[in-house]
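Okay, so here's the structure we're looking at.
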Amino acid sequence: MKIISHHCRFSGGNVYICGPDDGGTALIIDPGAFPRELIEVLTFHRYELGAVVITHPEEPMIHAVETIARVYRIEVFGGVDRIGSIPCRNITEEEELEIAGLPVHAIPMPAHSRESVVYRMEEVFFTGPIIHAGTLGRTVNAYAQALMVSTVRDRMARFGESSVILPGIGPATTIRAELNLTPFYRAEVDDIRV
Amino acid sequence: MFETTLEGGRGSDASARIQEIFHHEQRLYRLVAERRSFTGVDFSDHATMWVSFASSAFTSCNFVGSHLENTFFDFARFEDCDFGDLNAFNVSFAGARFNRCSFIGATMDQCNFNGIDAKSCDFSDSSLRRTRFINARLTDVRYVNCDVSGAIFSFSHREGVVFKQSNVEDARL
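Protein chains in written order, with our numbering: chain A, 68 to 261; chain B, 2 to 174.
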């Protein structure tokens with residue numbers, strides 16, 4: 068599998084394209100826009116989009132998904148029933164899926180929001196705005212934040228601390244770096260020790 | 002994504018093996034080379050992609066003009082290394098220690114320097130857009146004429162750090 072990281076200057080976020088090494092059907096994660104440069108990336112790698120995967124639906128993403136659906140025959144996966152006018156396979160519990168021919172492990176993150184889902188492919192997590200390097204995504208209260216920390220520990224760290232996190236915002240990181248360097252996780256350890 | 006592991010055990014000197022690979026290949030791809038040591042290795046003008054050098058030690062290594070992408074140096078140690086004119090994107094140096102390293106003229110957009118401990122390092126004339134230095138300990142580090150738009154330095158401990166002619170108003174200090 069090949070993962071192409073792309074910083075979208077229109078949305079300001081990261082978009083990831085995953086597909087076979089030698090081209091074919093690919094999936095796109097969190098397109099905040101669907102500009103010409105993304106089409107060029109797809110063409111360069113000989114990819115055709117078969118699916119859109121959403122970690123957390125936001126307004127610009129809805130427009131992007133609707134645009135992509137006009138160009139490609141796609142399936143959409145996320146934590147909701149619809150993305151704009153496009154039907155979406157709603158992921159409500161942890162499950163193994165096959166998306167665009169690729170094995171994907173989906174982990175809902177209700178601590179972030181009811182619609183939030185983290186995806187794992189091989190040893191890489193795609194976390195959108197839910198977790199990013201050195202911090203956590205926004206949560207509604209301290210309880211939700213603590214719940215998110217324990218979800219990362221229980222549901223993500225079990226796959227190994229060398230697993231990579233590719234977030235929707237900012238640089239790549241690893242589970243090991245987050246657990247050891249981000250105060251949220253260390254604070255929880257300190258709380259337990261006290 | 003990481004398909005092969007570099008020969009040799011934990012803590013072994015892998016310098017000769019990497020040089021040998023570079024003799025035949027222009028890039029390292031999908032490789033795990035964790036907990037190794039590298040001394041005087043010339044990475045210049047080579048590329049790495051999906052490589053993990055986590056917890057490795059680099060002494061007097063040359064990364065000038067290298068192209069690094071999705072490469073992980075978490076908790077590594079760098080001494081007297083030259084990253085001048087490096088081109089890095091989405092590279093993680095989280096928790097790494099840097100001593101007397103030069104990053105002059107490097108492009109390191111969207112890189113992860115969270116939790117690093119850097120002493121006597123120079124990032125002058127570099128591009129650090131959206132790069133994070135959260136919780137970093139920076140001692141005698143120079144950021145002269147840098148593009149730090151969208152960079153985050155929150156909770157960093159800074160002593161003798163120089164931000165001159167850099168667009169710090171676009172960064173989060």
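Yeah, the Cβ is synthetic: ideal placement off N, Cα and C, and Gly gets one too.
Residue j beta carbon less than 8 Å from that of residue i
i	j	result
A/Pro234	A/Gly195	yes
B/Asn115	B/Asn100	no
B/Ala107	B/Asp86	yes
A/Ile242	A/Ala224	yes
A/Ile135	A/Phe101	yes
B/Phe3	B/Leu29	no
B/Ile117	B/Phe84	no
A/Pro177	A/Glu160	no
A/Leu109	A/Pro98	no
B/Ser150	B/Arg133	no
A/Ile166	A/Ala93	no
A/Ile70	A/Tyr114	no
Through-space distance from residue j to residue i, alpha-carbon basis
i	j	result
B/Gly41	A/Arg149	55 Å
B/Asn175	B/Asp148	Chain B is shown only over 2 to 174; residue 175 of chain B falls outside these bounds and no answer can be derived.
A/Val191	B/Asp81	32 Å
B/Phe39	B/Ser13	9 Å
A/Glu133	A/Arg140	11 Å
A/Val184	B/Phe90	25 Å
B/Gln27	B/Glu21	11 Å
B/Phe104	B/Val163	14 Å
B/Leu1	B/Arg37	Outside the modelled stretch of chain B, which goes from 2 to 174, sits residue 1 of chain B, for which no answer is possible.
A/Val143	A/Arg253	36 Å
A/Leu164	A/Phe193	15 Å
A/Cys75	B/Ser45	28 Å
A/Asp221	B/Val145	43 Å
A/Gly86	A/Arg187	14 Å
B/Leu69	A/His73	15 Å
B/Cys122	B/Phe154	16 Å
B/Cys112	B/Arg173	15 Å
B/Phe74	B/Ser128	19 Å
A/Thr249	A/Ser230	16 Å
A/Val171	A/His199	20 Å
B/Cys102	B/Thr72	18 Å
A/Asn81	A/Ser152	24 Å
B/Ala15	B/Gly9	7 Å
A/Asn208	A/Gly91	43 Å
B/His158	A/Leu203	21 Å
B/Glu141	B/Ser61	One detail in the question is off: residue 141 of chain B reads as Asp in this sequence, not Glu. For B/Asp141 and B/Ser61, the distance between alpha carbons rounds to 19 Å.
B/Ser57	B/Phe156	26 Å
B/Ala17	B/Glu35	15 Å
B/Ala119	B/Ser125	14 Å
A/Arg205	A/His179	7 Å
A/Val216	A/Phe251	7 Å
Strand pairing of residue i, partner residues [DSSP]
i	result
A/Asn81	A/His74
B/Cys122	B/Val142
B/Arg78	B/Ala58 and B/Arg98
B/Asn88	B/His68 and B/Thr108
A/Met215	A/Met215 is not bridged to any residue.
B/Asn113	B/Ser93 and B/Arg133
B/Phe73	B/Ser53 and B/Ser93
A/Met188	A/Val191
B/Asp83	B/Asn63 and B/Ser103
B/Arg173	B/Ile153
A/Val171	A/Leu164
A/His179	In DSSP, A/His179 forms no bridge with anything.
B/Val163	B/Arg143
B/Ser127	Its beta-bridge partners do not exist; DSSP assigns none.
Anticipated Cβ contact below 8 Å, residue i with residue j, distance rounded
i	j	result
B/Arg1	B/Ala48	Because chain B spans 2 through 174 in this model, residue 1 of chain B falls outside it and cannot be assessed.
A/Ile95	A/Leu116	6 Å
A/His130	A/Ile197	Between A/Ile197 and A/His130 the Cβ distance is about 21 Å, and since that is not below 8 Å, they are no contact.
A/Arg181	A/Gly146	7 Å
A/Glu162	A/Ala173	6 Å
A/Pro154	A/Ser78	Not quite, the Cβ-Cβ distance comes to about 23 Å (not below 8 Å), so this is no contact.
beta-carbon residue i near the ligand MN non-hydrogen atom, thresh 7 Å
i	result
B/Asp75	As far as ligands go, the structure on display features none, and thus does not contain the ligand MN.
request  = Let me know the alpha helix (DSSP H) ranges lying completely inside the region 2-68 of chain B, each 4 residues or longer, listed in chain order.
outcome  = 16-25
key: Minimum length 3: unbroken beta strand (DSSP E) runs contained in the region 71-157 of chain A   = The qualifying runs are 81-86, 91-96, 114-120 and 142-145.
task = Ignoring anything shorter than 4 residues or poking outside the region 195-255 of chain A, list the alpha helix (DSSP H) runs there in chain order.
result = Along the length of the region 195-255 of chain A, whole alpha helix (DSSP H) runs at least 4 residues long occupy 209-218 and 242-248, reported in chain order.
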